[in-house]
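Okay, so here's the structure we're looking at.
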Amino acid sequence: MIQSIRKNPPSIIDAHSHTPLNRYMPFINRQCLTFSFIAFIALFTPGIQADFKAGASMVDISPAQYPVRVNGSFTERSATQAADKLFAKALALDDGRQQIILCVVDSCMVPRTLIDRAKSDASRATGIPMSQMMVSATHTHSAPSAMGCLGSRVDPRYAAMLPDRIARSMVNAVNRLKPARIGWAQMEDWKHTFNRRWIRRPDKVFNDPFGQNNVRAHMHPGHENPDATGPSGPVDPELSVMALQTMDGEPLAVFANYSMHYFGSPLLSADYYGRFAEHIANQMNAGADFVAIMSQ
């Protein structure tokens, strides 16, 4: 029987706010060390199933042609180059009775139509039902526009090529299934996530884009703004990690989750989700086939 454990590693240092991504590298490095620590602790969980298998894959989804439209700026913009590569990263899990696939895409948003197309292709290739596949986007605001949203129109060339890349990542993960060990752990980190949306006083309501005076929520109202009454909702502080090893103890994959928004980049970028993956691989001294995934 697979068991989980709960550990509390040392607190992560404070990060500076509202600075470019490279200014966050001390924070990201230390966060990666924390993830490495709880990943290794999680894998010492006893009683792993003998027939459990896992496989991981990552496929480059960077655009082949530039310029490309970019999501997330509230006004349409284009990028002519990338700061780093974008990926579709997949994890296949098999407990001997059922197989599932988890896939995380370096994109701001991916429409259901494209996801279903990728799932359908992967299902035909693997025999795994679409209902046993989950695909999500990291929500980086520096990826090509796979759908029209947040001020940008869809980039049709990019949207046309994306489903095949997502499907390929999922199929590759299934093809790489091998006997494995799994473990997971969680901690609470209240220092680096917060509710950015605050409720305004009834007499300080904004107009919406259509001229109606009904906007009660305000992003980043400013320190001790007298026009704001408090956060609009709760915060999820859980920092969780699932780690997988081969039966020989080689790192296979890490799947982490933390509710923190993107940092931003003028060039195409996987954002801190990609930086996390690079640094966790280095900290774990992992091989070329290792896949690190960060979702939010």
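Numbering of the sequence shown is given in my numbering, commencing with residue 384 and proceeding in unit increments. For every residue, glycine included, the Cβ atom is placed at its ideal position computed from N, Cα and C.
Shortest alpha-carbon distance to residue i belongs to which of the options?
i, options, result
"Ala447", "Arg540, Glu661, Thr496, Ser506", "Arg540"
"Met441", "Glu661, Gln679, Met667", "Glu661"
"Gly566", "Asp504, Gly632, Asp547, Asp467", "Gly632"
"Asn668", "Ala501, Gln679, Gln628", "Gln628"
"Ala550", "Leu560, Val537, Met516", "Met516"
"Val674", "Asn454, Phe435, Phe470", "Phe470"
"Thr496", "Asn454, Gly605, Ala542", "Ala542"
"Ser648", "Arg536, Ala462, Arg548, Asp434", "Ala462"
"Glu571", "Phe435, Val624, Phe638, Val588", "Val624"
"Phe577", "Pro614, His606, Gln569", "Pro614"
"Asp478", "Leu560, Asp434, Gly670, Thr612", "Asp434"
"Ser535", "Ser503, Arg452, Lys502", "Arg452"
"Lys502", "Tyr449, Val588, Arg548", "Arg548"
"Asn454", "Met513, Arg599, Ser525", "Ser525"
"Asp654", "Pro527, Val537, Asn665", "Pro527"
Can you give me the C-alpha to C-alpha distance between residue i and residue j, rounded to a whole angstrom?
i, j, result
"Tyr645", "Ala473", "21 Å"
"Ala460", "Gln481", "The sequence given here places Arg at residue 460; Ala does not occur at that position. Approximately 43 Å between the Cα atoms of the pair."
"Leu545", "Val493", "9 Å"
"His603", "Thr509", "46 Å"
"Ser680", "Asn558", "Lying before the first or after the last residue shown, residue 680 is absent from the chain, which here runs from 384 to 679."
"Ala563", "Ile663", "19 Å"
"Thr458", "Asp443", "27 Å"
"Trp573", "Asp499", "36 Å"
"Ala465", "Gly438", "28 Å"
"Pro609", "Asp586", "11 Å"
"His575", "Lys468", "25 Å"
"Leu635", "Asn596", "53 Å"
"Met408", "Asp591", "In this predicted model, Met408 has a pLDDT of only 49, less than 50, meaning its place in the structure is not dependable; the value taken from the coordinates is given anyway. So the alpha carbons of these two residues sit roughly 37 Å apart."
"Val554", "Ser652", "25 Å"
"Leu485", "Ala475", "6 Å"
"Ala611", "Gly594", "21 Å"
"Met677", "Ser552", "16 Å"
"Ile511", "Leu650", "36 Å"
"Gln679", "Tyr656", "9 Å"
"Val588", "Gly670", "54 Å"
"Asp680", "Gln666", "Because the chain in this structure spans residues 384 to 679, residue 680 falls outside the shown range and cannot be described."
"Ser456", "Lys436", "41 Å"
"Gln569", "Phe638", "12 Å"
"Val537", "Met630", "44 Å"
"Ala556", "Tyr449", "29 Å"
"Ile483", "Met513", "9 Å"
"Phe427", "Gly605", "Unreliable placement is indicated for Phe427, whose pLDDT of 49 sits below 50; no coordinate value is reported for it."
"Glu607", "Ala600", "15 Å"
"Ser445", "Val598", "37 Å"
"Lys561", "Asp672", "13 Å"
"Ala626", "Arg658", "18 Å"
Starting from residue i, trace the alpha helix (DSSP H) in both directions and tell me its first and last residue.
i, result
"Asp499", "495-509"
"Ser615", "Ser615 -> no alpha helix (DSSP H), and no H or E assigned at all."
"Asp654", "654-666"
"Ser445", "No alpha helix (DSSP H) contains Ser445, which DSSP labels as neither H nor E."
"Ala543", "539-558"
Could you spell out the range, first to last residue, of the beta strand (DSSP E) harbouring residue i?
i, result
"Ala475", "470-477"
"Asp631", "Taken as a continuous stretch (DSSP letters only), Asp631 belongs to no beta strand (DSSP E), as it is neither H nor E."
"Leu485", "482-488"
"Glu339", "Because the chain spans 384 through 679 in this model, residue 339 falls outside it and cannot be assessed."
"Glu571", "561-571"
"Val674", "674-678"
"Asn597", "596-598"
"Arg460", "460-462"
"Ser642", "It is not in any beta strand (DSSP E) - Ser642 carries neither H nor E in the DSSP assignment."
"Ala520", "516-520"
"Arg580", "580-583"
Is the shortest distance between the beta-carbon of residue i and the beta-carbons of chain B less than 9 Å?
i, result
"Ala501", "As a matter of chain content, chain B is missing from the structure shown, which is built from one protein chain."
Does the region 489-504 come into contact with the region 517-526, if we say contact requires no fewer than three beta-carbon pairs (one atom in each stretch) closer than 8 Å?
yes
Please determine if the region 612-628 and the region 640-655 are in contact, where contact requires at least 3 C-beta pairs separated by less than 8 Å.
yes
Counting pairs of Cβ atoms below 8 Å between the region 566-584 and the region 527-542, do you hit three or more?
no
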